[in-house]
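Asks: The structure follows.
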Amino acid sequence: MSLPYALLGLLTYKPMTGYDLKQYFERSINYFWSAHQSQIYRELAALEGKGFLDSRIEPQEGRPDRKVYSITAAGETELREWLKRFPQTLTTPVRDELLLRVFFASRLPPAELKFQLQRYLREKEEQVASFRAVDRLIGEHPEIPGRQDEGFYWRLTLKYGIAHAKASIEWAGECIRDIEEKEDLQETGDHERSREL
70 MSLPYALLGL
80 LTYKPMTGYD
90 LKQYFERSIN
100 YFWSAHQSQI
110 YRELAALEGK
120 GFLDSRIEPQ
130 EGRPDRKVYS
140 ITAAGETELR
150 EWLKRFPQTL
160 TTPVRDELLL
170 RVFFASRLPP
180 AELKFQLQRY
190 LREKEEQVAS
200 FRAVDRLIGE
210 HPEIPGRQDE
220 GFYWRLTLKY
230 GIAHAKASIE
240 WAGECIRDIE
250 EKEDLQETGD
260 HERSREL
């Protein structure tokens with residue numbers, strides 16, 4: 070499971086609360102790795118229990134105290150070792166609800182599937198625009214002392230996101246065209262049959 074390593078990696082930037090980490094997720098790695106707030110808190114507790122994180126309580130006036138986590142030397146070592154370990158496989162199984170719907174779409178009118186694919190296509194186009202905005206932000210990001218290469222590696226993951234979204238747009242467009250051709254053929258066939266009667 071990679072969530073603990075995502076948290077360790079984010080905490081190398083600066084100490085953060087669980088809430089801060091969730092916000093960081095949303096603004097950075099969410100397009101390829103997501104986590105619920107409850108998962109984050111559960112993993113933070115486990116990482117602290119293993120000695121990979123320390124925490125301190127920051128009192129706040131009129132609000133609940135903040136628990137701020139920071140990575141330990143052992144946590145830095147664990148993250149570095151994980152980065153060096155080559156997994157048995159780097160591909161993950163695909164679990165895509167839209168593909169499942171397409172697979173069983175013979176039970177729907179073609180227009181319904183076409184509508185869903187058009188919506189998917191628009192979402193992916195918005196995602197590409199969002200990635201381009203992130204790319205601009207990376208360019209504006211001040212370099213972290215001692216970590217001048219961060220933006221370079223962030224952009225590598227962003228390139229994947231853009232390429233994946235563009236491939237999804239192309240696939241959805243092809244599916245929509247195929248469905249339209251199928252509809253045209255059915256209409257032509259229905260029209261021919263009605264003339265025969």
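Heads up: the sequence shown begins at 70 in the numbering used here, then just goes up one per residue. From the three backbone atoms N, C-alpha and C, an ideal C-beta is built for every residue, glycine too. Note that the coordinates shown come from a computational prediction; the quantities given were computed from them, not determined experimentally.
DSSP three-state label for GLU127, please.
Replies: Strand, per DSSP.
Asks: How close, in whole Å, do the beta carbons of LEU227 and LEU148 come, if the pair is a contact with beta carbons under 8 Å?
Replies: In fact, because the Cβ distance is near 21 Å, the residues do not count as touching under 8 Å.
Asks: Could you check the C-alpha separation between ARG125 and GLU112 for me, to the nearest Å?
Replies: Roughly 17 Å separates the two Cα atoms.
Asks: List the DSSP bridge partners of TYR138.
Replies: Its beta-bridge partners are MET85, SER124.
Asks: Taking the alpha-carbon positions, what's the TRP223 to HIS233 distance?
Replies: Computed Cα separation, rounded: 16 Å.
Asks: Tell me whether LYS193 counts as near the ligand MG, meaning its Cβ is closer than 8 Å to at least one heavy atom of that ligand.
Replies: Absence of the ligand MG from the depicted structure is noted, as is the absence of any ligand whatsoever, leaving it without description.
Asks: Between the region 75–93 and the region 114–131, do three or more beta carbon pairs fall short of 8 Å?
Replies: Judged by Cβ distances under 8 Å, the region 75–93 makes contact with the region 114–131, as three or more pairs qualify.
Asks: Any idea what DSSP makes of VAL163, helix, strand or coil?
Replies: VAL163 falls in the coil class under three-state DSSP.
Asks: Taking the CB atoms as reference points, tell me whether LEU152 and TYR74 lie closer together than 9 Å.
Replies: Against a cut-off of 9 Å, the Cβ pair of TYR74 and LEU152 comes out as a contact.
Asks: With 16 other CB atoms within 10 Å as the buried threshold, where does PHE184 fall?
Replies: Flag for PHE184 reads exposed.
Asks: Could you name the residues of the same chain whose beta carbon sits closer than 7 Å to that of GLU194, not counting the 5 residues immediately before and after it, in chain order?
Replies: For GLU194, where only same-chain residues beyond five positions count, the Cβ hits under 7 Å are ILE238.
Asks: Here's a check: name, in chain order, each residue in its chain whose Cβ is nearer than 7 Å to the Cβ of LEU72, leaving out the five neighbours to either side.
Replies: Contacts found: ALA104, GLN108, GLU112.
Asks: Between which two residues does the alpha helix (DSSP H) carrying ASP218 extend?
Replies: From DSSP, ASP218 is part of no alpha helix (DSSP H); its letter is neither H nor E.
Asks: With a 10 Å radius around its C-beta and 16 neighbouring C-beta atoms as the bar for buried, classify GLY131 as buried or exposed.
Replies: GLY131 is exposed by the Cβ-count criterion.
Asks: Just curious, the alpha helix (DSSP H) that ALA114 is in, first and last residue?
Replies: Here the alpha helix (DSSP H) through ALA114 covers 106–118.
Asks: In whole angstroms, give me the CA-to-CA distance for GLU256 and PRO179.
Replies: Whole-angstrom Cα-Cα distance: 12 Å.
Asks: Would you kindly report the start and end of the unbroken alpha helix (DSSP H) that includes ILE98?
Replies: Premise fails: ILE98 is in no alpha helix (DSSP H) and is neither H nor E.
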